[in-house]
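A.B. asks: Got a structure for you, written out below as structure tokens; questions coming shortly.
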Ligand SMILES: C[S@@+](CC[C@H](N)C(=O)[O-])C[C@H]1O[C@@H](n2cnc3c(N)ncnc32)[C@H](O)[C@@H]1O
């Protein structure tokens, strides 16, 4: 076995990838992580999905590919320029709501909402408002983060934040947790 994906990529993936490169966006999730996101997405038929940090929609396209027709995905980002790329290529999918909003404001406005799957790929729901994000998971719901192994683009001090986040997650008693030293470093939690 190798890590090669050897399966179909989402229909718009190559176009989004080209637009992403042209835009200068350099925070996209790697393709191995995206493949995992799709596989796990398929485990929640009729599910309610949340992605915190759309970027240009690369990971969004993979998550959507794993969704069945009765599932819905809300994906938020505060950067309208990058979100516009996701809108161009994925906006036609009526399972998807793309929301241009600051993460903190989104949490304020959506308290009490429940999800079966959260991919937390920005500050809020990961390094900030972690409790609030975990509280939004239904029993059996998946909490997924990537970039937990040292990355070249980490600013000074970020490594300490990552170590603290792992400790915080490990100390929770409401998640079954698995850490994968694979791809960019993945943590998957399942809500008890
Ligand atoms: C790691 S990138 C997301 C990458 C995307 N999931 C992908 O795989 O291509 C993090 C995103 O968080 C967004 N972001 C940063 N600060 C934010 C905030 N305060 N509220 C909402 N989004 C924010 C950035 O614009 C960026 O697109």
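Residue numbers (full-length UniProt numbering): 1 to 192. Even for Gly, the Cβ is constructed at its ideal location relative to N, Cα and C.
#1: Quick check: the region 69 to 77 against the region 44 to 57, are at least 3 beta-carbon pairs closer than 8 Å?
#2: Going by DSSP in three states, residue 60 sits in which element: helix, strand or coil?
#3: Within 7 Å: the Cβ of residue 184 and any heavy atom of ligand 1?
#4: Tell me, please, which residues DSSP counts as bridged to residue 8.
#5: Would you call residue 196 buried or exposed, if buried means 16 or more other Cβ atoms sit within 10 Å of its Cβ?
#6: With H, G and I counted as helix, E and B as strand and the rest as coil, what does DSSP make of residue 51?
#7: Please return the same chain residues whose Cβ sits closer than 7 Å to the Cβ of residue 162, not counting the five positions on each side in sequence.
#8: Buried or exposed for residue 39, going by 16 or more other Cβ atoms inside 10 Å?
#9: Out of curiosity, what's the CA-to-CA distance linking residue 77 and residue 30?
#10: Can you tell me whether residue 85 is buried or exposed? The criterion is at least 16 other CB atoms within 10 Å of its CB, across all chains shown.
#11: Considering only residues of the same chain and omitting the five flanking positions on each side of residue 90, which have a CB-CB separation below 7 Å?
#12: Which residue spans inside the region 115 to 184 form an unbroken alpha helix (DSSP H) run of at least 4?
#13: Find the nearest neighbour of residue 169 within the set 187, 5, 157, judged by alpha-carbon distance.
#14: With respect to 7 Å, is the separation between the Cβ of residue 26 and the closest non-hydrogen atom of ligand 1 below this value?
#15: Rounded to the nearest angstrom, what separates residue 41 and residue 67 at their Cα positions?
C.D. replies: In brief:
#1: The answer is yes - the region 69 to 77 touches the region 44 to 57, with three or more Cβ pairs under 8 Å.
#2: In the structure shown, residue 60 sits in a helix (DSSP, three-state: H, G or I).
#3: Checking every heavy atom of ligand 1 against the Cβ of residue 184, none is found closer than 7 Å.
#4: Beta-bridge pairing links residue 8 to no other residue.
#5: Residue 196 is absent from the model: the chain starts at 1 and stops at 192.
#6: Of the three classes helix, strand and coil, the one that applies to residue 51 here is strand, per DSSP.
#7: Cβ within range, chain order: 148.
#8: Exposed, because fewer than 16 other Cβ atoms sit within 10 Å of the Cβ of residue 39.
#9: Residue 30 has its alpha-carbon roughly 18 Å from the corresponding atom of residue 77.
#10: The residue is buried, with at least 16 neighbouring Cβ atoms inside 10 Å.
#11: Only 12, 57, 60, 61, 64, 96 meet the Cβ criterion.
#12: Listed in chain order, the complete alpha helix (DSSP H) runs (minimum 4 residues) inside the region 115 to 184 are 130 to 135, 158 to 170.
#13: Considering only alpha carbons, the answer is 187.
#14: Checking every heavy atom of ligand 1 against the Cβ of residue 26, none is found closer than 7 Å.
#15: Note on geometry: alpha-carbon atoms of residue 41 and residue 67 lie some 6 Å from one another.
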